[in-house]
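Working notes, structure below.
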Amino acid sequence: AAIPASKASCKNLCHRHQLFINFRDLGWHKWIIAPKGFMANYCHGDCPFSLTTSLNSSNYAFMQALMHAIDPAVPQAVCIPTKLSPISMLYQDNDDNVILRHYENMVVDECGCG
Amino acid sequence: FQFQERVFLQSLGLDKEPSPKKFQPVPSILKRIFQDQEAAATAGVSQDLCYVKELGVSGNILRLLPDQGFFLYSESLSQASSRLQKLLSFNLSAIKDEEQLTMAQLGLDLGPNTYYNLGPELELALSLVQGPHVWGQATPKTGKMFALQSVPWPQGVLHFNLLDVAKRNNYPRKNLGLFLEILVKGGRASGVNFQLEDTCARLRRSLHASLLVVTLNPEQCHPPTRKRR
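Which chain is which? The protein sequence lines are A and B, in order.
Just so we're on the same page, my numbering is the position in the first sequence counted from 1, plus 7.
Just so we're on the same page, my numbering is the position in the second sequence counted from 1, plus 1448.
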């Protein structure tokens, strides 16, 4: 029978956390026309052995978690983005050119143990 | 922080953090493309970021280059009242060598559409400038004229496809120089001189030129793999 994991520990498990990047915080609002910011998110949390079987993890993370359970000197698998998406940015450069460009891998959509 | 920031800005294709004095006006086409992409990203719709469907061309970088040219003034007064001459200059150096040009569209904004001032007719001629302009030279040394167009009145935005001109003129990436002549055609009722002069003066104030350039960076846009037969 599955041992119910305590609620507290679920919170520490690897998952996606919200992170809104406001360009004004970086002082980039002076040259970025749009967007004013974007929801970038980030991955954080533990990757115990049990998780690698449920979360969309890679095989080597499974093996690493297995080895960590046997020998704690082997580091745990880490919580990383497994699905990313681009954003478009409209900005102005030093020659007063207005540029519209897309940048890959700017938004974390999903996390997993890798 | 400055080091990481500079590394990140370089990955954005910028040598250093821009510090523009004032924001240029953003044309509605760029706003629309940006909003379409944002809407698709929000809806989680996958999109081909190497094709600009609103313009019907491949490309993943769109640049609007402002005109850095200046008006030329002809000696003879009669000419001055009916003819406008402007050197248009666009700095292409921001375009990296590896980028492929897929679109170069000149936009000439003659001024807002209004119900009055419906006239006089204009004739516009565009030629490529050969070599740098020598101060004091009445008109620049120009190559063949590549566009000639009449418009019924001095209003609205005209577009000219300059892809071939820009491609031919593009290595090494430097300034693209064009010579624009606008002939204000008289032939109206009395008071024509006043109208011609008034039109030229108004055009000098309202004329705004820009070059919309679309490029495809092959390092970021892999050619679509050919389907196996």
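Glycine is no exception: its CB is placed at the ideal position from the N, C-alpha and C atoms.
{"Asked": "Just to confirm the assignment, what range does the alpha helix (DSSP H) spanning valine 1455 of chain B have?", "Found": "1450-1459"}
{"Asked": "Run down chain A in chain order and give the residues with a C-beta less than 8 Å from the C-beta of serine 1467 of chain B.", "Found": "Lys37, Trp38, Asn101"}
{"Asked": "On the criterion of 16 or more Cβ atoms from any shown chain inside 10 Å, does asparagine 104 of chain A qualify as buried, or is it exposed?", "Found": "buried"}
{"Asked": "Under 8 Å Cβ-Cβ, which residues of chain B neighbour proline 93 of chain A?", "Found": "Ala1489, Leu1497"}
{"Asked": "Verify the CB distance criterion: does arginine 1480 of chain B have a CB-CB separation below 8 Å to chain A?", "Found": "no"}
{"Asked": "For serine 1530 of chain B, count neighbouring Cβ atoms within 10 angstroms of its own Cβ and tell me buried if that reaches 16, exposed if not.", "Found": "buried"}
{"Asked": "Evaluate glutamine 1458 of chain B with the Cβ neighbour count: other Cβ atoms within 10 Å of its Cβ, from every protein chain shown; 16 or more gives buried, anything less gives exposed.", "Found": "exposed"}
{"Asked": "Using a Cβ-Cβ distance under 8 Å, would leucine 73 of chain A count as near chain B?", "Found": "no"}
{"Asked": "Under 8 Å Cβ-Cβ, which residues of chain A neighbour lysine 1664 of chain B?", "Found": "Correcting the residue identity first, residue 1664 of chain B is leucine in this sequence and not lysine. The contacting residues do not exist; leucine 1664 of chain B stays about 12 Å from chain A at best."}
{"Asked": "Within the segment 1547-1606 of chain B, note down every full beta strand (DSSP E) run reaching 3 residues or more, in order along the chain.", "Found": "1548-1557, 1570-1577, 1590-1599"}
{"Asked": "Check whether the Cβ of valine 105 of chain A lies closer than 8 Å to any Cβ atom in chain B.", "Found": "yes"}
{"Asked": "What residues from chain A crowd round asparagine 1609 of chain B, counting only those whose CB sits closer than 9 Å?", "Found": "By Cβ distance, chain A contributes nothing, its closest Cβ being about 19 Å from asparagine 1609 of chain B, past 9 Å."}
{"Asked": "What are the boundary residues of the beta strand (DSSP E) that includes lysine 1464 of chain B?", "Found": "Lysine 1464 of chain B -> no beta strand (DSSP E), and no H or E assigned at all."}
{"Asked": "Excluding sequence positions up to five away, which residues of its chain have a Cβ less than 6 Å from the Cβ of lysine 90 of chain A?", "Found": "Asp116, Glu117"}
{"Asked": "Any beta-carbon of chain A closer than 8 Å to the one on phenylalanine 1471 of chain B?", "Found": "yes"}
{"Asked": "Applying a beta-carbon distance threshold of less than 8 Å, which residues of chain B neighbour arginine 108 of chain A?", "Found": "Leu1460, Gly1461, Asn1508, Ile1509, Leu1510"}
{"Asked": "Which residues bound the beta strand (DSSP E) around lysine 1534 of chain B?", "Found": "1531-1539"}
{"Asked": "Can you find at least 3 beta carbon pairs, one from the segment 1500-1520 of chain B and one from the segment 1466-1483 of chain B, that sit closer than 8 Å?", "Found": "yes"}
{"Asked": "Which residues in chain A have a C-beta closer than 9 Å to the C-beta of glutamine 1485 of chain B? List them in chain order.", "Found": "Pro93, Ile94, Ser95, Leu107, His109"}
{"Asked": "In chain A, what lies closer than 7 Å to leucine 1542 of chain B by C-beta?", "Found": "The question names leucine, yet the displayed sequence has alanine at residue 1542 of chain B. Within 7 Å Cβ-Cβ: Asp100, Asp102, Asn104."}
{"Asked": "Could you give the distance in angstroms between the alpha-carbon of glutamate 1502 of chain B and the alpha-carbon of glutamine 1668 of chain B?", "Found": "20 Å"}
{"Asked": "Is the separation between the beta-carbon of serine 1654 of chain B and that of proline 1514 of chain B shorter than 8 Å?", "Found": "no"}
{"Asked": "Check the DSSP bridge columns for serine 1658 of chain B and list the partner residues they point to.", "Found": "B:Pro1514, B:Gly1555"}
{"Asked": "Identify, in the order they occur along the chain, each residue of the same chain with its Cβ nearer than 7 Å to the Cβ of glycine 44 of chain A, setting aside the five sequence neighbours on each side.", "Found": "Phe27, Ile28, Asn29, Phe30"}
{"Asked": "8 Å is my cut-off, CB to CB: does leucine 1513 of chain B come that close to chain A?", "Found": "yes"}
{"Asked": "In the DSSP assignment, find the beta strand (DSSP E) that holds glutamate 117 of chain A and state where it starts and stops.", "Found": "105-120"}
{"Asked": "Between asparagine 1539 of chain B and chain A, is the shortest Cβ-Cβ distance under 8 Å, so that the two count as touching?", "Found": "yes"}
{"Asked": "Under the three-state reduction of DSSP, which class applies to valine 1505 of chain B: helix, strand or coil?", "Found": "strand"}
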